[in-house]
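S.K.: The structure follows.
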Amino acid sequence: MYLTHIFSDLCKSFAPDAFAVNYTLAKNPEISSQEFESVKTIGATLEKHGMDVTYEFCNLPTAFKASVVKVDNPQGRLAILCEYDALPEVGHACGHCASGAMSILAALTLRKMQQDGVAFNMDIDIIGTPDEEAMGCKVDMCNAGVFKDYDFAIMVHLDGEETRPNSQFLALDCFRAKFHGKPAHAAGEPWNGVNAVNGVQLAIHAMDMMRQQVRPETRIGTWIIAGGTASNVIPPYGELEVTVRHTERDYLNGLSEQIKKIFEGAALCTGTTVDVEFYGNPYDDMNQNHRGTALIEEVLADMGLDFKSGAAALGGSSDIGNVSYQCAAFHPKLRLAGDDKVCHSKEFAAAMLEPTIEQTIIDGANIIGGALLRLVENPAILEEIVAEFNTTK
């Protein structure tokens, strides 16, 4: 607890740097895997305070890694995750500019604490994880085994309605089915055509029929990307994107195989052919760690924040789910100030430029710092977290 008070006081001196990062990114949003200026801004801020930044970490053009605290014979290895990608059209409507600023502020403060003589017993790194919104670059890092080297990973994400010590994410697979037919005049000689969009429609209907037999935690979404160009032309091409989610990866794998068969069956029934592509990286569900979540609840309570216990209700998906199967990983949610806001909305993006975001950034940094410093002060807690993780991974 003593160290968290030092952190809280010290982080105020680095807050202007974190605010500047947030405002710069919010005004200049870069979509997934295009965060080139964003990572330069973040890297320059870390380097300004003496950190050596490794760019293009894990062969990802907009990823980075930097050592925050380094000790001899560490009793644990801790990671601060940093996101900074934006959304098309609505910019930083998921708040990654502020979330990333929280991680930066926490890292700068922890580094200064060690420089000022605070004795650490664990290594701490900050890892820039781009492209959460589309392809999920944390999955690429997991495929390279990056997080197997850590015992604990944390980041804070914004929420428009509530504060929670952790999040619950669904495992996600995404497919694109490309149906091929044969064009013909829809009135003059339709019998000479093969309607590719019929394959798309039949696949959607089949998935709708499948919904009756799937478990209630399943979510299926469809988007017709291409569905013809004119009503008097038998469409030779149709393209469908499907996202399928579930609380458990094993069950989702079975659903995904069934959906692939639906695509094949729809093509067979309509005389079309189909190419099925896996789009993006597969996201895993969030591996819940109850000891670590309880630790973060203690932090929220000590900060005097109004929060709800436990992980948030089921919702979307995130690539931190994959991280949570390589080390104990945590994704607390922090409510924005003011009225409730809907994530991925223009109003949410506008809040990133409001003065109230500054206290939110400070609070987020204190959540990260408070959690990590409790582990430093009591390594036995980390042992308990790791022991639980080893029974669930």
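Everything in the sequence shown is counted per the working numbering, starting at 369 for the first residue and increasing by one. Where is the CB? At the ideal position from N, CA and C, for every residue including glycine. Nothing here was measured: the structure is a model prediction, and the numbers come from that model.
1. Using CA atoms only, rank isn't needed, just tell me which of V744, H614, P551 and G732 is closest to L682.
2. Can you tell me which of the three DSSP states S535 falls into?
3. How is S406 classed by DSSP in three states: helix, strand or coil?
4. Leaving out five residues on either side along the sequence, give the residues of the same chain with a beta carbon under 7 Å from the beta carbon of F716.
5. Taking the straight line between their C-alpha atoms, what separation do you get for G444 and D491?
6. Let me know the secondary structure DSSP gives K438 once reduced to three states.
7. Would you mind reading off the limits of the beta strand (DSSP E) that contains C450?
8. Report, in whole angstroms, the separation of the C-beta atoms of A564 and S599, which I expect to be a contact under 8 Å.
9. Just the C-alpha distance for W559 and G589, rounded to the nearest angstrom, thanks.
10. Report the residue from R479, Y647 and E398 whose alpha carbon sits nearest the alpha carbon of L414.
11. Judging by CA-CA distance, which residue of P397, F432 and R544 is the nearest neighbour of D420?
12. Could you tell me whether the Cβ atoms of S692 and M720 are closer together than 9 Å?
13. Fully enclosed by the region 456–504, which alpha helix (DSSP H) runs are 4 residues long or longer?
14. Just to confirm the assignment, what range does the alpha helix (DSSP H) spanning T641 have?
15. Could I get the ranges of all uninterrupted alpha helix (DSSP H) runs contained in the region 682–709, with 4 residues as the minimum, in chain order?
16. Which ranges would you report for the alpha helix (DSSP H) in the region 564–604 if only whole runs of at least 4 residues count?
17. Sort Q656, E403, M481 and L371 by Cα distance to F382 and report the nearest one.
18. Mind checking whether M470 and I688 have CB atoms under 9 Å apart?
19. Inspect the beta-carbon positions of T641 and H573 and report whether they are closer than 9 Å.
20. Taking C-beta to C-beta, are F375 and N734 nearer than 9 Å?
21. Is it true that the region 515–531 meets the region 617–634, where meeting means three or more beta-carbon pairs spaced less than 8 Å apart?
22. Look up V389 in the DSSP assignment and say whether it is helix, strand or coil.
23. Judging by CA-CA distance, which residue of G684, V514 and V486 is the nearest neighbour of A447?
24. Roughly how many whole angstroms lie between the Cα atoms of N746 and A394?
25. Mapping the DSSP letters down to three states, classify D508 as helix, strand or coil.
26. From the DSSP output, read off the bridge partner residues of G606.
27. Under 9 Å between the Cβ atoms of N758 and Q656?
28. Between the Cα of I592 and the Cα atoms of Q581, A571 and V437, which residue gives the shortest distance?
29. Expressed to the nearest angstrom, what Euclidean distance is found between the alpha-carbon atoms of A679 and S685?
30. Mind checking Q581: buried by the 16 CB within 10 Å criterion, or exposed?
31. Do three or more CB pairs link the region 661–679 to the region 599–609 at distances below 8 Å?
32. For L743, which residues in the same chain have their Cβ closer than 7 Å to its Cβ, ignoring the five residues on either side in sequence?
M.R.: So, from the listed chains and residues:
1. H614
2. coil
3. helix
4. A461, G463, G528, K709 and V710
5. 6 Å
6. coil
7. R445 to C450
8. Rounded, the Cβ-Cβ distance is 15 Å, inconsistent with contact.
9. 32 Å
10. R479
11. F432
12. no
13. 464–483
14. No alpha helix (DSSP H) contains T641, which is instead part of the beta strand (DSSP E) from T641 to F646.
15. 688–691
16. 564–578
17. M481
18. no
19. no
20. yes
21. no
22. helix
23. V514
24. 37 Å
25. helix
26. F547 and G595
27. no
28. A571
29. 14 Å
30. exposed
31. no
32. G444, L446, M490, F520, I749 and L750
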